[in-house]
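Q: Numbering (our numbering), first residue to last: 31 to 169.
Attaching a single structure in structure tokens format; questions to follow.
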Ligand code: CMP
């Protein structure tokens, strides 16, 4: 997969509060093209596998419980410099530290319910995209 992709999730809390439309609009306005999109709901076990790199941390179980608590939106996004630019668009993981105008500043409720996830490296982007999308679902 070329480097101009990132993988993103809109988390259950943001879906529950009907923030999907505004978040997708911000993503498009920032110049990202939606290559693949799916509404789905993770089992607890799937959330544990997706967040495998955090296994053992004190927030891991609660995070996986939350991430499997309701529907989510999975996204594969295309743009030059996608991983870095998307992380700028969403802001700091902790919404208290997120910059004005970022998605997390606008829509996050807490560190855990921080509205969106974005890949932090090419390696994780590939693993996360493969977790949700097969090749025929990517355009
Ligand atoms: P996300 O980008 O989905 O990647 C891992 C998630 O774990 C992160 O966003 C936060 O929602 C959550 N997280 C990270 N650090 C903490 C923490 N210290 N306490 C609780 N949740 C955390």
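Note that the Cβ used here is the ideal one computed from N, Cα and C, for glycine as well.
To which residues of the same chain is residue 38 closer than 7 Å at the C-beta, ignoring the five residues directly before and after it?
A: Only 105, 107, 116, 146, 147, 148 meet the Cβ criterion.
Q: Which residues in the same chain as residue 36 place their Cβ atom closer than 7 Å to its Cβ, once the five residues preceding and following it in sequence are excluded?
A: The answer, listed in chain order, is 107, 112, 113, 116, 148, 149, 155.
Q: Given that a residue counts as buried once 16 or more other Cβ atoms are within 10 Å of its Cβ, and exposed if not, what is residue 125?
A: Buried.
Q: Given that a residue counts as buried once 16 or more other Cβ atoms are within 10 Å of its Cβ, and exposed if not, what is residue 41?
A: Buried, since its Cβ has 16 or more Cβ neighbours within 10 Å.
Q: Using a 10 Å radius around the Cβ and a threshold of 16 neighbouring Cβ atoms, would you call residue 78 buried or exposed?
A: Under this definition residue 78 is a buried residue.
Q: Could you tell me the alpha carbon to alpha carbon distance between residue 136 and residue 45, rounded to whole angstroms?
A: Near 14 Å, if we compare the C-alpha coordinates of residue 45 and residue 136.
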